[in-house]
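Working notes, beginning with the structure itself.
There are 2 protein chains.
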Amino acid sequence: MLNKGVTLWFTGLSGSGKTTIARAIERRLKASGCRVEILDGDIVRTNLSKGLTFSKEDRDINIRRVGFVANLLSRNGVIVMVAAISPYREIRDEVRSMTENFMEVYVNAPLEVCESRDVKGLYAKARAGTIKGFTGIDDPYEEPLDADVTCYTALESVEESAAKVVAQMESLGLVPVVQSVNGRQ
Amino acid sequence: MLNKGVTLWFTGLSGSGKTTIARAIERRLKASGCRVEILDGDIVRTNLSKGLTFSKEDRDINIRRVGFVANLLSRNGVIVMVAAISPYREIRDEVRSMTENFMEVYVNAPLEVCESRDVKGLYAKARAGTIKGFTGIDDPYEEPLDADVTCYTALESVEESAAKVVAQMESLGLVPVVQSVNGRQ
Numbered sequence: 039m040l041n042k043g044v045t046l047w048f049t050g051l052s053g054s055g056k057t058t059i060a061r062a063i064e065r066r067l068k069a070s071g072c073r074v075e076i077l078d079g080d081i082v083r084t085n086l087s088k089g090l091t092f093s094k095e096d097r098d099i100n101i102r103r104v105g106f107v108a109n110l111l112s113r114n115g116v117i118v119m120v121a122a123i124s125p126y127r128e129i130r131d132e133v134r135s136m137t138e139n140f141m142e143v144y145v146n147a148p149l150e151v152c153e154s155r156d157v158k159g160l161y162a163k164a165r166a167g168t169i170k171g172f173t174g175i176d177d178p179y180e181e182p183l184d185a186d187v188t189c190y191t192a193l194e195s196v197e198e199s200a201a202k203v204v205a206q207m208e209s210l211g212l213v214p215v216v217q218s219v220n221g222r223q
Numbered sequence: 039m040l041n042k043g044v045t046l047w048f049t050g051l052s053g054s055g056k057t058t059i060a061r062a063i064e065r066r067l068k069a070s071g072c073r074v075e076i077l078d079g080d081i082v083r084t085n086l087s088k089g090l091t092f093s094k095e096d097r098d099i100n101i102r103r104v105g106f107v108a109n110l111l112s113r114n115g116v117i118v119m120v121a122a123i124s125p126y127r128e129i130r131d132e133v134r135s136m137t138e139n140f141m142e143v144y145v146n147a148p149l150e151v152c153e154s155r156d157v158k159g160l161y162a163k164a165r166a167g168t169i170k171g172f173t174g175i176d177d178p179y180e181e182p183l184d185a186d187v188t189c190y191t192a193l194e195s196v197e198e199s200a201a202k203v204v205a206q207m208e209s210l211g212l213v214p215v216v217q218s219v220n221g222r223q
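Residue numbers (the numbering used here), protein chains in the order written: chain S, 39 to 223; chain U, 39 to 223.
Here it is in structure tokens:
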């Protein structure tokens, strides 16, 4: 099925659930024949930005690169989901301004919740001081002021969050309206 | 029109005609409804690899990044044309091995011809020693041993070279056979 491309930009703390929600959306969209790619922060760091640090300057360079690749894909009809902490508002807005069909998805969970999940063990290292400049601990996270969708992952299930995002895409005409698992048209 | 994705990798000296041939192919393929992207060496350096030098190590990192992006696009049905000197055989072979539907196009012109064109004025700078490590002057170019297509741009017109590449893509079933400007089916 042909579809317009779009860049879904998931921003939020480490452990907030960005990639998990993206994977749930991927399953839904692939089932309706859409072309989908997930650009996960870790994969991108490995393949596009090895050697960059987590300084503000290097984080911004990394985000610009991801934005460049997302735009290449989305202008060719791919639904691209970027899952990257992307803590700085200004660079997110820069990427938005250079990307057609951009949706910002704020994956919002309290720091305490993200830290208690600590899937990658990074919060423990940040608290111990073995990782410096960790977002939420000793580096700022600038919340979106006007996200297209906000997912509250401490309150919603993954499927609820995914459904909200897909509904917003449908309402913007970015994907065809499809029969969901709950029978919603 | 839907089409399989493919990565066309143009390798050759600076000034050999890589981007020029890619643009000519782009015109042909877009006219038949294909999705096409050109990843030009200069654009890629700006957007993915700013800060990298032209040392062998950094060139290899750059080529791996381009390969990563080309693969993302081609697996989503895009015909990607990479136009990058990519002087080292081993890294070209590495990219080939990680990319489905990969075609290596050797854009072959004698150094003297490329140097006499000197579109960007780089050969003059390399001869003057103000640019170091310039391919063909004081850095090696390793010719492909088994390119899928070789374009001899000192002997062929741009359109002749482009037609050879498109014919090879057609014969491999990578693009639909289309009416060319010369009436070839």
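Don't be surprised by glycine CBs; every beta carbon is placed ideally from N, CA and C.
Neighbourhood of residue i by C-beta, 7 Å cutoff - its chain only, sequence neighbours within 5 removed
i: Ile169 of chain S; result: Leu160, Lys163
i: Asp96 of chain S; result: Leu90
i: Arg165 of chain U; result: Ile175
Bounding residues of the alpha helix (DSSP H) (the contiguous stretch that carries residue i)
i: Phe106 of chain U; result: 94 to 112
i: Glu75 of chain U; result: Counting along the chain, Glu75 of chain U falls outside any alpha helix (DSSP H), though it belongs to the beta strand (DSSP E) covering 74 to 78.
i: Met207 of chain S; result: 196 to 209
i: Tyr161 of chain U; result: 160 to 166
i: Ile59 of chain S; result: 56 to 69
i: Val143 of chain S; result: Run containing Val143 of chain S: none in the alpha helix (DSSP H); it sits in the beta strand (DSSP E), 140 to 146.
i: Ile129 of chain U; result: 127 to 135
i: Leu149 of chain U; result: 149 to 155
8 Å Cβ cut-off: residues of chain S touching residue i
i: Glu75 of chain U; result: Leu110, Asn114
i: Asn85 of chain U; result: Arg102, Arg103, Phe106
beta-carbon residue i near the ligand FMN non-hydrogen atom, thresh 6 Å
i: Lys158 of chain S; result: The ligand FMN is not part of the structure shown, which contains no ligands of any sort.
Residues near residue i by beta carbon distance below 6 Å, same chain, minus five either side
i: Met119 of chain S; result: Leu46, Ala60, Ile76
i: Leu40 of chain U; result: Here Leu40 of chain U scores only 48 on pLDDT, less than 50, and its place in the model should not be relied on; the value that follows carries that caveat. Cβ neighbours of Leu40 of chain U beyond the five flanking positions: none.
i: Arg222 of chain U; result: With a pLDDT of 46 at Arg222 of chain U, under the threshold of 50, the predicted position of this residue should be treated as unreliable, and no value is reported.
i: Val82 of chain U; result: Val104
i: Val187 of chain U; result: Val143, Lys202, Val203, Gln206
i: Gly171 of chain U; result: Phe92, Asp177
i: Lys94 of chain S; result: none
i: Arg134 of chain U; result: Phe140
i: Ala147 of chain S; result: Ser54, Thr191, Ala192
i: Lys68 of chain U; result: Val74
i: Pro29 of chain U; result: Absent from the model: residue 29 of chain U. The displayed extent of chain U is 39 to 223, so no value can be given.
i: Leu149 of chain S; result: Gly174
i: Ser225 of chain U; result: This structure cannot speak to residue 225 of chain U, because chain U is shown only from 39 to 223.
i: Glu208 of chain S; result: Val215
i: Val151 of chain S; result: Ala192
Extent of the continuous beta strand (DSSP E) run through residue i
i: Val187 of chain S; result: 187 to 190
i: Ile175 of chain U; result: Looking at the DSSP string, Ile175 of chain U is not in any beta strand (DSSP E), and its letter there is neither H nor E.
i: Leu46 of chain U; result: 44 to 49
i: Val120 of chain U; result: 117 to 121
Neighbourhood of residue i by C-beta, 8 Å cutoff - its chain only, sequence neighbours within 5 removed
i: Asn109 of chain U; result: Thr45, Met136, Thr137, Glu138
i: Asn156 of chain U; result: The residue asked about is misnamed: residue 156 of chain U is Asp in this sequence, not Asn. Answer for Asp156 of chain U: Gly53, Ala162, listed in chain order.
i: Val196 of chain U; result: Gly55, Thr58, Ile59, Ala62
i: Glu64 of chain U; result: Val74, Ile76, Met119
Nearest-angstrom Cβ-Cβ length linking residue i and residue j, presumed shorter than 8 Å
i: Ser52 of chain S; j: Thr173 of chain S; result: 6 Å
i: Tyr126 of chain S; j: Asp98 of chain S; result: 7 Å
i: Phe106 of chain S; j: Leu111 of chain U; result: Contact flag wrong, Cβ pair sits at about 12 Å.
i: Gly71 of chain S; j: Gly115 of chain S; result: With a Cβ gap of about 12 Å, Gly71 of chain S and Gly115 of chain S do not count as contacting.
i: Arg66 of chain S; j: Ala200 of chain S; result: 6 Å
**Request:** Below 8 Å between beta carbons is the criterion; list the residues of the segment 104 to 126 of chain S that meet it against any residue of chain U, in chain order.
**Result:** So the close ones are Phe106, Val107, Leu110, Leu111, Asn114, Gly115, Val116.
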